[in-house]
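In UniProt numbering, the protein residues as written are 1 to 137.
As structure tokens, the structure follows; a few thoughts come after it.
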């Protein structure tokens, strides 16, 4: 099995379990969850910077993309935790899972990545599944 697939599944597992615990915290205070996530992120970043001193990229374009990415992810996590505070995890999380489909679309449009027919069918099925999970009676 391709290492990227294994790593992708690990990401899904960590996000899934992490968001479950975030829902519990967000019931009390979504801002607290957001602050804890970012503080822990900063600590982990400092550890990585200490261990790998040459990871900084100074190329302006790449640095700009990194900053844009960070801002969007931080804002997205804040909105996610607030949504978990306001709504059901069983609705909010599947809706937030449409994000990877947006990444796929952008990758096809701008990075010229391609998908096989099976991959396209899989993505359509995932989106249909997310929509079905999100429909409230």
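For each residue, glycine too, the CB sits at the ideal point set by N, CA and C.
- Assignment of alpha helix (DSSP H) within the stretch 38-97, counting only whole runs of 4 or more residues, yields 60-86 and 89-96 in chain order.
- Bounds of the alpha helix (DSSP H) holding residue 6 are 3-26.
- Leaving aside the five residues that flank residue 94 on each side, the residues in its chain whose CB is nearer than 6 Å to its CB run, in chain order, 130, 133 and 134.
- Taking 7 Å as the cut-off, the beta carbon of residue 45 is found no closer than this to the beta carbon of residue 85.
- With a cutoff of 7 Å on beta-carbon distance, residue 92 and residue 83 are scored as near each other.
- Here DSSP, grouped into helix, strand and coil, assigns residue 130 to helix.
- Residue 80 is a Cβ neighbour of residue 96, given a cutoff of 7 Å.
- Pairing residue 49 with residue 124, the inter-Cα distance amounts to about 39 Å.
- Apart from sequence neighbours up to five positions away, the residues of its chain that approach residue 127 with a beta-carbon distance below 6 Å are 101, ordered along the chain.
- In the assembly as shown, residue 119 is an exposed residue. Its beta-carbon has fewer than 16 other beta-carbons within 10 Å.
- As the crow flies, the alpha-carbon of residue 16 is around 25 Å from that of residue 115.
- DSSP, reduced to helix, strand and coil, places residue 135 outside both helices and strands of the structure shown, so it counts as coil.
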